[in-house]
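Numbering (the numbering used here), first residue to last: 136 to 468.
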């Protein structure tokens with residue numbers, strides 16, 4: 136579906152954007168791929184790797200509505216990946232986080248509507264489910280904006296959906312590079328915030344593939360959540376440095392012991408499919424169906440049981456130490 140199409144990726148110089156561009160160039164023949172981001176150095180470095188004739192690099196910030204309007208002219212699909220994502224930085228700079236993650240989301244929506252973009256998928260995070268830090272709260276607000284955008288579209292054809300998933304192995308925000316730095320520096324221990332901490336675990340390629348598939352599945356207004364394994368942080372540390380002891384240093388401000396992707400409070404709006412969940416919008420759409428148990432590919436889902444919650448602690452799928460080691464090695468390919 137991406138052949139001869141124009142795709143724009145906000146925050147496209149990040150870990151996800153690079154993998155997404157590589158996948159699009161490998162599997163499809165797009166008309167244009169527009170990388171929209173504010174860092175000229177990262178764009179220059181990315182151009183050295185991805186210099187296909189279809190590539191376009193736009194300097195711009197999602198806070199700048201007029202620049203987004205210009206960039207989205209003639210665009211078919213948008214992936215909104217731009218965000219301020221560092222939890223401590225958001226806590227100390229709350230207004231900056233709000234300007235990018237909430238106001239920026241509004242700008243993306245308005246620019247997409249006014250340019251008659253066909254489909255938009257916004258990337259979310261497990262931290263947006265029952266958030267306890269500002270980053271998660273801004274992403275929850277962003278999710279709500281993208282869901283509601285389907286109801287304010289009026290006569291526009293644009294559809295908006297959200298993809299939410301957990302910690303991406305070896306991305307800049309992952310704990311893996313942090314542990315690796317301690318190992319490379321010859322530290323005599325691995326710092327662990329809490330011995331019982333668990334996280335969802337997904338590779339960049341899995342995240343990219345999930346987003347690609349959901350462009351075909353989306354009806355507009357749903358939040359897609361993949362079924363992925365959990366890990367115990369102590370097992371990750373053991374997988375990476377079996378010879379080093381662990382030192383418990385305490386949970387950081389804004390950090391959860393376990394992550395949630397489908398909250399129990401939304402169980403009555405949650406549907407289970409073979410490899411993913413869908414959280415249906417709580418609001419009712421005036422111009423389209425509100426049935427989300429069947430998607431645009433005619434895949435069938437079913438309502439989850441009352442009280443259901445998809446979290447990293449009760450997740451039935453856990454990776455062992457050896458499986459984590461193999462998973463991480465594959466994720467780097």
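From the three backbone atoms N, C-alpha and C, an ideal C-beta is built for every residue, glycine too.
Please read these numbers as outputs of a predicted model, since none were measured by experiment.
Checklist entry - Hey, residue 304 and residue 461: beta-carbon distance below 7 Å or not? => result Not a contact, by the Cβ cut-off of 7 Å.
Item to check | Cut-off 7 Å between Cβ atoms - residues of its own chain near residue 189, not counting five sequence neighbours on either side | outcome: Within the same chain, and ignoring the five residues on either side of residue 189 in sequence, the residues whose Cβ sits closer than 7 Å to its Cβ are 165, 166, 167, 168.
Checklist entry - Do residue 257 and residue 297 have their C-beta atoms within less than 7 Å of each other? => result Contact check for residue 257 against residue 297 passes: the beta carbons are separated by less than 7 Å.
Next on the checklist: Can you give me the C-alpha to C-alpha distance between residue 316 and residue 393, rounded to a whole angstrom?
Outcome noted: Their backbone Cα atoms lie some 24 Å apart in a straight line.
Checklist entry - How would you write the range of the beta strand (DSSP E) that residue 328 sits in, first residue to last? => result Neither: residue 328 is in no beta strand (DSSP E) and is coded neither H nor E.
Checklist entry - My guess is that residue 121 and residue 362 are in contact by the Cβ rule of under 8 Å, so how many angstroms apart are they, rounded? => result Residue 121 cannot be examined here, being either before or after the span of the chain that is shown, 136 to 468.
Checklist entry - In this structure, does DSSP put residue 277 in helix, strand or coil? => result Note: residue 277 maps to helix in three-state DSSP.
Checklist entry - Opposite residue 190 in the DSSP bridges: which residues? => result For residue 190, which the question treats as bridged, DSSP gives the partners 168.
Item to check | Chain-order list of residues whose beta-carbon lies under 6 Å from that of residue 450 (same chain, five-residue window excluded) | outcome: By the criterion of a C-beta distance shorter than 6 Å, residue 450 is surrounded in its chain by 365, once the five residues flanking it on both sides are discounted.
Next on the checklist: Give me the DSSP bridge partner(s) of residue 333.
Outcome noted: Looking at the DSSP assignment, residue 333 forms a beta bridge with 367.
Item to check | Cβ neighbours of residue 139 in the same chain (closer than 6 Å, five flanking residues each side left out) | outcome: So the qualifying residues of the chain are 166.
Checklist entry - For residue 334 versus residue 302, is the C-beta distance shorter than 7 Å? => result It is a contact, given that the beta carbons lie within the stated cut-off.
Next on the checklist: Suppose you measure from the CA of residue 374 to the CA of residue 353; what does that come to, to the nearest Å?
Outcome noted: Here the alpha carbon of residue 374 sits roughly 37 Å from the alpha carbon of residue 353.
Next on the checklist: Judging by CA-CA distance, which residue of 183, 202, 294, 272 is the nearest neighbour of residue 420?
Outcome noted: Checked all of 183, 202, 294, 272; the closest Cα to residue 420 is 294.
Next on the checklist: Between the stretch 169 to 184 and the stretch 144 to 160, can you find at least three pairs of beta-carbon atoms closer than 8 Å?
Outcome noted: They touch, by the three-pair rule.
Item to check | CB contact flag (residue 246, residue 152, <7 Å) | outcome: Taking 7 Å as the Cβ cut-off, residue 246 and residue 152 do not qualify as a contacting pair.
Checklist entry - Mapping DSSP to helix, strand and coil, what is residue 438? => result Three-state DSSP puts residue 438 in a strand.
Checklist entry - Helix, strand or coil for residue 303 per DSSP? => result Reduced to three states, the DSSP call for residue 303 is strand.
Item to check | Runs of beta strand (DSSP E) lying entirely within the stretch 332 to 420, each at least 3 residues, in chain order | outcome: Given a length threshold of 3 residues, each whole run of the beta strand (DSSP E) inside the stretch 332 to 420 is given here in chain order: 333 to 337, 358 to 361, 365 to 367, 381 to 383, 395 to 397, 405 to 407, 411 to 414.
Item to check | Close Cβ partners of residue 181 (< 7 Å) along its chain, the five nearest in sequence each way excluded | outcome: Excluding the 5 residues flanking it on each side, residue 181 has same chain C-beta neighbours closer than 7 Å at 148, 153, 170, in chain order.
Item to check | Those residues which DSSP pairs with residue 296 across a bridge | outcome: Answer by DSSP bridge pairing, in chain order: 256.
Checklist entry - Which partner residues of residue 143 appear in the DSSP bridge assignment? => result According to DSSP, residue 143 bridges with 169, 213.
Next on the checklist: Looking at the secondary structure, which residues open and close the alpha helix (DSSP H) in which residue 428 lies?
Outcome noted: Per DSSP, residue 428 is not a residue of any alpha helix (DSSP H), being assigned neither H nor E.
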